[in-house]
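Counting from 20, one number per residue, gives the positions in the sequence shown under this note's numbering.
Here the structure comes first, spelled out in structure tokens, and everything after it is commentary.
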Amino acid sequence: MAQKGVLLHQETFSCSICLDLLKDPVTTACGHSYCRNCIKSFWDNEEKKMGIHSCPQCRKTFTPRPVLVKNTMLAALTTISVPEHGQKQ
């Protein structure tokens, strides 16, 4: 029996902060995912400037600063080979 593969595009699993493939992916309470270091840096800078923590995509604010938990599903998916945009597997 032949298996059908799923074509995954890199932009689907990219961090909207660094625009690279997710590294150590975490998901915020609003459901958006980022590299752990990217969202931590974003929140550190935001905290210094405005004293708040928000989602870079939807701007939902979080009080207090959320504890980030690894998104194990995204972590597993980003470790498999994902073709560049426009390339075929």
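The beta-carbon is built from N, C-alpha and C at its ideal position, and this holds for glycine as well.
Computed from a predicted structure; not experimentally measured.
- Listed in chain order, the non-local C-beta contacts of K42 below 6 angstroms within the same chain comprise C54, local neighbours out to five positions each way being set aside.
- Beyond the five residues adjoining it in sequence on each side, N90 comes within less than 7 angstroms, by CB distance, of P44, V45, T46, S52 in the same chain, given in chain order.
- The C-beta separation of I71 from E65 comes to about 6 angstroms, placing the pair in contact by the 8 angstroms criterion.
- Leaving aside the five residues that flank C37 on each side, the residues in its chain whose CB is nearer than 7 angstroms to its CB run, in chain order, C54, C57.
- The beta carbon of W62 is closer than 7 angstroms to those of H72, R84 in its chain, skipping five residues each way along the sequence.
- Residues C49, H51 of the same chain have their beta carbon placed closer than 8 angstroms to that of C77, with the five preceding and five following residues left out of the count.
- In summary, T80 is exposed, with fewer than 16 beta-carbon neighbours lying within 10 Å of its beta-carbon over all protein chains present.
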